[in-house]
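Residue numbers (this note's numbering): 1193 to 1323. All C-beta atoms, glycine included, are put in the ideal place defined by N, C-alpha and C. These numbers were taken from a predicted model, which means no experiment stands behind them. One structure below.
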Amino acid sequence: MPVDQGRISCEFGTTRITQEKGRYMHRAIDLASKPRDVVWATQSGIVVLKARFASSGNTVVLDHGCGILSLFFHLEKFADIELGQKLAQGNPVGTVGMTGYATGPHLHWEVSVNGVQVQPLDWLENVYPHE
């Protein structure tokens, strides 16, 4: 898991409705956590994006190869990482925050395979059961 003490506050596939986006499917999981808890790289990868956006706030994207990306949104602060840097699994990418469009401190964790968002929990060892 990318955070040590996170609890799932929004499941993958949940239908949401906001004024900004209208009705849409949440294609990630949100992990509620304490502000400034460390967010860890879930697998080794190369930092291909480290930027701040209006909706996702402080954002880091790791490229794991074979078309697999991990995306981490709403970070309070970035870890000391640079574009093109290779991170090992377990290296910090930042800290939990609520930057961008967020109503409380949490990590939006998304996994994409060849441009298609997939259930992030399916990419973990079988230690975090879900339906």
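- prompt: In or out: Pro1227 buried (at least 16 other Cβ within 10 Å) or exposed?
  reply: It counts as exposed.
message: Is it buried or exposed, Asp1314, if we count other Cβ atoms within 10 angstroms and call 16 or more buried?
response: exposed
message: Classify Asp1196: buried if its beta carbon has 16 or more other beta carbons within 10 angstroms, exposed otherwise.
response: exposed
At least three beta-carbon pairs within less than 8 Å, the segment 1295-1305 to the segment 1207-1223: A contact between stretches requires three or more CB pairs, one per stretch, nearer than 8 Å, and the segment 1295-1305 meets this requirement with the segment 1207-1223.
message: Since Thr1267 and Gly1286 should fall inside the 8 Å C-beta cutoff, what is the C-beta to C-beta distance between them, to a whole number of angstroms?
response: The amino acid occupying residue 1267 in the given sequence is Leu; Thr does not appear at that position. Between Gly1286 and Leu1267 the Cβ distance is about 4 Å, and since that is below 8 Å, they are a contact.
query: Which two residues bound the contiguous beta strand (DSSP E) that contains Thr1291?
result: Thr1291 -> no beta strand (DSSP E), and no H or E assigned at all.
- prompt: Do Val1252 and Leu1241 have their C-beta atoms closer together than 8 Å?
  reply: yes
- request: Taking Gln1309 as part of the beta strand (DSSP E), name the residues at either end of that continuous run.
  value: Val1308 to Val1310
task: Output the boundary residues of the beta strand (DSSP E) element that contains Trp1301.
output: His1298 to Val1305
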